[in-house]
Amino acid sequence: MLNWLLIKERKFSIRIPVPKKITTPKPSAASISFDLSVPANGLEPILGAAYLMMDRAFVSLDGDRAKKIAVTLTPKAGATAARLKELSAAFTAELATQKVRWAIAKNNQPIREYISEQAVLLANGRIPPASAAAPEPASEQLNDEQRAEIEKLIAEVEDEIKSMNASKSVPDPKNIKASWEEKQEAKLKGGKS
Amino acid sequence: MPVEVEPLASFNFREMGGWYLLTNDWGQHAMLETAQFKRFMAGSLSKEDPLLETLENRGFLRHRMDFGALATSYVRKNSFQWIQGPSLHMMVVTLRCNQKCQYCHSSVVDPSRTDTDMDLETAKKTVDFIFSTPNPTICIEFQGGEPLLNWPVVKFVVQYARAKAKATKRKLILALVSNFTLMTDDKMEFLFDNHVSFCTSLDGPPELHNKNRPYLGGGEAQQKVVAWLEKLQKMCMEDEERKYYLPGALMTTTKFSFDYPKEIVDLYLKLNMEQIFVRALSPIGYAKRVWPEIGYTADQFVAFYETMLDYVLALNKKGKSKIMERMALICLTKILKGVDPGFMDLRSPAGAVLGCLAYNFNGEIFVSDEGRMVDHQGDPMFRVGNATKDQWTDVLDHPTSRAMVSASTLDNQPMCTQCAYKPYCGAEPVFHYEMQRSIVGQMPNSPWCVSHMGIFDVIFRKLRDPENRKVFESWLERDQCRWEENDPIPAGASRAEEAV
Ligand code: SF4
Chain A
8 MLNWLLIKER
18 KFSIRIPVPK
28 KITTPKPSAA
38 SISFDLSVPA
48 NGLEPILGAA
58 YLMMDRAFVS
68 LDGDRAKKIA
78 VTLTPKAGAT
88 AARLKELSAA
98 FTAELATQKV
108 RWAIAKNNQP
118 IREYISEQAV
128 LLANGRIPPA
138 SAAAPEPASE
148 QLNDEQRAEI
158 EKLIAEVEDE
168 IKSMNASKSV
178 PDPKNIKASW
188 EEKQEAKLKG
198 GKS
Chain B
65 MPVEVEPLAS
75 FNFREMGGWY
85 LLTNDWGQHA
95 MLETAQFKRF
105 MAGSLSKEDP
115 LLETLENRGF
125 LRHRMDFGAL
135 ATSYVRKNSF
145 QWIQGPSLHM
155 MVVTLRCNQK
165 CQYCHSSVVD
175 PSRTDTDMDL
185 ETAKKTVDFI
195 FSTPNPTICI
205 EFQGGEPLLN
215 WPVVKFVVQY
225 ARAKAKATKR
235 KLILALVSNF
245 TLMTDDKMEF
255 LFDNHVSFCT
265 SLDGPPELHN
275 KNRPYLGGGE
285 AQQKVVAWLE
295 KLQKMCMEDE
305 ERKYYLPGAL
315 MTTTKFSFDY
325 PKEIVDLYLK
335 LNMEQIFVRA
345 LSPIGYAKRV
355 WPEIGYTADQ
365 FVAFYETMLD
375 YVLALNKKGK
385 SKIMERMALI
395 CLTKILKGVD
405 PGFMDLRSPA
415 GAVLGCLAYN
425 FNGEIFVSDE
435 GRMVDHQGDP
445 MFRVGNATKD
455 QWTDVLDHPT
465 SRAMVSASTL
475 DNQPMCTQCA
485 YKPYCGAEPV
495 FHYEMQRSIV
505 GQMPNSPWCV
515 SHMGIFDVIF
525 RKLRDPENRK
535 VFESWLERDQ
545 CRWEENDPIP
555 AGASRAEEAV
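Just so you know, the protein sequences line up as chains A and B, in that order.
Each residue of the first sequence is one higher than the one before, starting from 8 at the first, in my numbering.
Each residue of the second sequence is one higher than the one before, starting from 65 at the first, in my numbering.
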């Protein structure tokens with residue numbers, strides 16, 4: 008069996024727009040605030056950028072996690088107009104990087120999980136180790152038969168990934184998988200956490 | 065910068081000033097010039113570009129991944145994850161000590177306080193507990209206080225553990241961490257005969273060492289350590305059977321060390337030490353109280369570390385010495401060889417409980433020796449059982465043990481999970497508890513993170529220089545020889561850091 012697996016290249020790609028400017032920051036005496044659209048930026052990148060600012064600033068987030076979040080940055084080392092501007096620029100840069108990191112992470116989650124699962128099986132002796140010296144096929148030199156085999160393998164891997172994802176819907180009667188925020192929301196709505 | 069996500073496999077990256085470092089979970093890395101990185105991110109590497117093949121082979125491109133090889137690489141890199149239970153067992157046979165070290169990590173008591181000596185019954189039960197843990201390799205390290213102050217118990221544990229190892233066909237490694245002030249020829253012979261290796265503390269020249277580690281017994285501590293190190297070295301080199309028990313020494317950095325970078329290395333050279341381990345002081349236990357007098361910032365430590373490493377590298381390049389710096393060696397073993405060197409602090413999850421346990425003189429079990437030090441300051445947070453009455457499964461199931469594992473898994477840490485150093489790094493819950501009152505910690509504000517990120521930065525930058533790389537590779541080769549000849553424990557290193 009061929010050791011290398013090709014994942015079919017898709018016809019489309021995701022472009023990450025890098026924001027030129029978040030919104031015009033309004034410097035006040037002590038802090039700077041701006042609004043961010045959640046659908047445009049994604050919740051995780053906003054939270055990620057906020058977390059990374061903690062060495063420089065106190066960060067407060069407010070608003071609707073599905074729509075718009077108001078970010079307030081208060082510098083730890085005394086607020087000046089220049090420092091506030093610097094902070095908002097740093098946040099913008101962190102946000103842009105976070106969007107890239109999250110897009111890559113999400114796009115690869117099934118593959119990471121698949122390789123980790125293989126590693127566990129390998130470590131437990133459930134599958135044989137890959138031969139380090141396994142020759143790597145040059146895709147340009149494949150004949151028709153090899154191409155057909157690869158296509159078959161691709162289909163198999165895609166099926167496997169799909170079924171792995173599908174099999175993840177395990178019962179969760181105690182709602183353990185719900186985040187703290189989801190539980191709080193449920194409580195507010197009078198539901199059970 | 066335009067980014068085409070689709071061809072990119074899972075990886076983390078770090079801007080290094082003119083170039084980028086890329087790493088992935090499988091332990092592979094690549095160093096790209098900024099222009100190359102931009103082409104890679106934009107999905108515009110041409111088919112002829114040799115970089116394409118390199119990145120494919122290392123699992124950075126999604127359309128062509130060797131799943132089997134990457135899973136194998138992941139298993140090798142995280143070998144500690146597949147081993148059941150701790151291998152390193154630190155036995156504190158007494159809290160008494162005849163030194164009053166400035167930073168005393170071990171939080172000791174006066175030599176008259178014999179009530180803090182481990183008794184024989186507790187010692188026996190502790191060894192029984194240790195042998196009930198499932199790891200096929202057991203490393204018992206005698207710590208204190210000064211363990212030689214409770215010599216009868218050290219002797220008993222050595223003999224009893226050896227008998228148990230023989231009966232149960234387990235591999236046993238024994239190590240003594242001592243200040244050597246109470247060492248005698250008889251004790252040394254006994255330890256050699258029973259395959260106990262030696263490790264001590266050596267902070268530098270007399271004016272530095274004696275300031276950091278004043279001796280209560282009269283005389284100068286440094287001179288005693290040096291004399292015993294010389295003697296042990298000589299005995300090991302003269303005897304084929306003993307050459308694997310070359311003594312190791314650990315240096316602890318206080319702010320006073322900053323004035324002596326060359327002198328410290330030169331002393332290690334003079335003593336023919338194979339390695340020097342430039343270690344930061346942790347503000348844990350007693351050291352936390354005296355931090356304003358002896359401590360420093362993480363940035364200051366990284367600058368000192370680089371000065372030391374530069375000097376060690378310069379000596380190697382000039383052919384004046386082959387001395388190795390241990391922290392660099394640990395990191396390089398992970399980075400260049402893709403294997404785990406068994407260093408407890410740099411693991412995900414951390415070594416606490418899953419890799420090591422510490423036993424106090426009264427049988428109490430702690431997640432690590434640092435956890436025991438916190439207890440000594442009055443906070444029992446890291447106590448997970450007692451060897452005289454609990455089972456291994458009680459310790460493993462203890463809520464604190466589980467919290468330690470969860471808190472120190474880097475994929476659970478918002479900053480670490482995206483960090484280029486994740487494949488090589490670790491987070492220490494006791495450190496963060498002491499510094500930030502949270503075992504999870506907050507990495508953007510963590511001195512632990514600043515110093516580790518700084519050290520990795522230093523090492524990766526040096527790796528780009530072909531001459532440095534040659535030196536680093538020669539270290540790995542020599543260290544590997546030792547591993548092969550002498551089981552997985554490299555000589556000259558404290559077993560506290562190096563266990564299977
Ligand atoms: S502790 Fe710091 S350097 Fe280490 S992985 Fe986490 S973020 Fe990176």
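Where a beta carbon is used, it is the ideal one built from N, C-alpha and C, also for glycine.
- Along the stretch 459 to 483 of chain B, going in chain order, the ones with a CB nearer than 9 Å to a CB of chain A are P478, M479, T481, Q482.
- With respect to chain B, the C-beta atom of A/A110 has a partner C-beta closer than 9 Å.
- Secondary structure note for B/P356: it is in no beta strand (DSSP E), and the uninterrupted alpha helix (DSSP H) holding it is 355 to 358.
- For B/G518, the enclosing alpha helix (DSSP H) starts and ends at 511 to 527.
- In the structure shown, B/R501 adopts coil according to DSSP, grouped into three states.
- Counting every other CB atom within 10 Å of its CB across the protein chains shown gives B/N424 a total of 16 or more, marking it as buried.
- Only exposed fits B/R353, as fewer than 16 other CB atoms lie within 10 angstroms of its CB.
- The Cβ of A/A84 sits no closer than 9 Å to any Cβ of chain B.
- If you measure from each CB to the nearest heavy atom of ligand 1, the residues under 5 Å come out as B/M479, B/C480, B/C483, B/Y485, B/K486, B/C489, B/M507, B/C513, B/H516, B/M517.
- Distance from the CA of B/M315 to the CA of B/F495, rounded to the nearest whole angstrom, comes to 19 Å.
- The stretch 226 to 240 of chain B and the stretch 447 to 464 of chain B do not touch, with fewer than 3 CB-CB distances between them shorter than 8 Å.
- By the Cβ test, the stretch 482 to 494 of chain B is not in contact with the stretch 332 to 344 of chain B, since fewer than three Cβ pairs between them sit closer than 8 Å.
- Residues are counted here when their Cβ sits less than 9 Å from a Cβ of chain B; for the stretch 43 to 56 of chain A these are L54, G55, given in chain order.
- Residues of the stretch 116 to 143 of chain B with a Cβ closer than 7 Å to any Cβ of chain A, in chain order: R126, H127, R128, M129, D130, F131, G132, A133, L134, A135, T136, Y138, V139.
- For B/A73, the nearest beta carbon of chain A is closer than 9 Å to its own beta carbon.
- In this structure, the alpha-carbon of A/I39 lies about 10 Å from that of A/V66.
- Scanning its chain for C-beta atoms nearer than 8 Å, with the 5 sequence neighbours on each side dropped, one finds no residue around B/G81.
- Among the residues of the stretch 361 to 384 of chain B, none has a Cβ less than 8 Å away from any Cβ of chain A.
- Listed by position along chain A, the residues whose Cβ is nearer than 7 Å to that of B/N162 form an empty set, because the closest Cβ is around 42 Å away.
- A Cβ of chain B is located within less than 9 Å of the beta carbon of A/L129.
- DSSP places B/F322 outside any beta strand (DSSP E), giving it a letter other than H or E.
- By the neighbour-count definition (other C-beta atoms within 10 Å, threshold 16), B/M129 is a buried residue.
- Looking only at B/P71, B/N532, B/A133, B/H93, the smallest Cα-Cα distance to B/R103 is reached by B/P71.
- Secondary structure note for B/S265: its beta strand (DSSP E) is the uninterrupted segment 260 to 265.
- Here B/A227 is exposed: its Cβ has fewer than 16 other Cβ atoms, across all protein chains shown, within 10 Å.
- Against chain A, the CB of B/P487 has no partner CB under 9 Å away; the residue lies outside that interface.
- Counting only residues of its own chain and dropping the five nearest sequence neighbours on each side, A/A56 has a CB closer than 7 Å to the CB of F98, E101, L102, Q105.
- DSSP, reduced to helix, strand and coil, places B/F77 within a strand of the structure shown.
- For B/F195, the closest alpha carbon among the candidates B/E97, B/D543, B/R177, B/H153 is that of B/H153.
- Note that the C-beta distance between A/L59 and B/M479 is below 9 Å.
- Between the alpha carbons of B/I348 and B/F365 lies a distance of about 16 Å.
- Proximity of A/S123 to chain B, defined by a Cβ-Cβ separation below 9 Å, is satisfied.
- Around B/P508, the beta-carbon contacts reaching into chain A at under 9 Å are Y58, L59, M60, M61, D62, R63.
- Taking CB atoms only, B/M105 has a neighbour in chain A less than 9 Å away.
- In this structure, the CA atom of A/V45 is about 35 Å from the CA atom of B/L116.
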